[in-house]
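Participant:
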Amino acid sequence: MDSMEKHYSEDKFWTKLKKFAVKAGHSVVYTVLLLFYTLQKPDLPKKARITILAALGYFILPVDLIPDFAVGIGFTDDLGALGVALIQVAMHIDDEVKQKAKAKLTDWFGANVDTSEVDKKL
Numbered sequence: 001m002d003s004m005e006k007h008y009s010e011d012k013f014w015t016k017l018k019k020f021a022v023k024a025g026h027s028v029v030y031t032v033l034l035l036f037y038t039l040q041k042p043d044l045p046k047k048a049r050i051t052i053l054a055a056l057g058y059f060i061l062p063v064d065l066i067p068d069f070a071v072g073i074g075f076t077d078d079l080g081a082l083g084v085a086l087i088q089v090a091m092h093i094d095d096e097v098k099q100k101a102k103a104k105l106t107d108w109f110g111a112n113v114d115t116s117e118v119d120k121k122l
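Numbering of the sequence shown is given in UniProt numbering, commencing with residue 1 and proceeding in unit increments.
(1) Could I get the ranges of all uninterrupted beta strand (DSSP E) runs contained in the region 72-114, with 3 residues as the minimum, in chain order?
(2) Going by C-alpha distance, which of Y30, E96, P42 is nearest L56?
(3) Whole angstroms are fine: how far does the CA of G25 sit from the CA of L86?
(4) Rounded to a whole number of angstroms, what is the C-alpha to C-alpha distance between T38 and A111?
(5) Quick one: what's got a C-beta closer than 6 Å to V71's C-beta in the same chain, skipping five residues either side?
(6) Alpha carbon to alpha carbon, what distance is there between K41 and K102?
(7) From the DSSP output, in three-state form, read off S116 for me.
(8) With a threshold of 16 other CB atoms inside 10 Å of the CB of A48, please say whether the residue is buried or exposed.
(9) Should T106 go down as buried or exposed, given a rule of 16 or more other Cβ atoms within 10 Å for buried?
(10) Under three-state DSSP, which class holds K37?
(11) Just to confirm, are L122 and A90 a CB contact at a threshold of 8 Å?
(12) Over the uninterrupted alpha helix (DSSP H) stretch that includes L56, give me the two end residues.
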């Protein structure tokens, strides 16, 4: 996963997320946003920062194990990589990070977004 961090940039992140948000689904988008907002924390330890950058780099990478355009399964590998990163950095995800992620999710999908599946992992 460490080699994936070189693929991360904030511009590529927002471009990919906006392009595939509806197709990826609420769980993927919420997980990505949690990682993104955690990455913004200035006191985040280096190991957590590298983990997040690697996971987001993999998410951004146009070519991965399962192409994102594959209907029904395209984001399965992305969600796996993101989920592993989420569990590894969960101790750094605080209420402020959750609020920012949920606010962005509500902006994009409306108020009826269920984040409980991801929140259970934190």
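All C-beta atoms in this analysis are idealised placements derived from N, C-alpha and C, irrespective of residue type, glycine included.
None of the values given here were measured: they were computed from a predicted structure.
Facilitator: In this structure, then:
(1) Counting only runs of 3 or more, we get nothing.
(2) With distances taken between Cα atoms, L56 lies closest to Y30.
(3) Approximately 17 Å, taken between the alpha carbons.
(4) C-alpha separation (whole angstroms): 22 Å.
(5) For V71, the pLDDT reaches just 44, beneath the cut-off of 50, and the residue's location in the model is therefore unreliable, leaving the point undetermined.
(6) Their backbone Cα atoms lie some 17 Å apart in a straight line.
(7) Shown here, S116 sits in a helix according to DSSP, grouped into three states.
(8) Buried, because 16 or more other Cβ atoms sit within 10 Å of the Cβ of A48.
(9) Around the beta carbon of T106, fewer than 16 other beta carbons lie within 10 angstroms, which makes this residue exposed.
(10) According to the sequence provided, residue 37 is Tyr. The question's Lys does not apply to it. Correct three-state label for Y37: helix.
(11) Yes.
(12) Run containing L56: 46-60, per the alpha helix (DSSP H) assignment.
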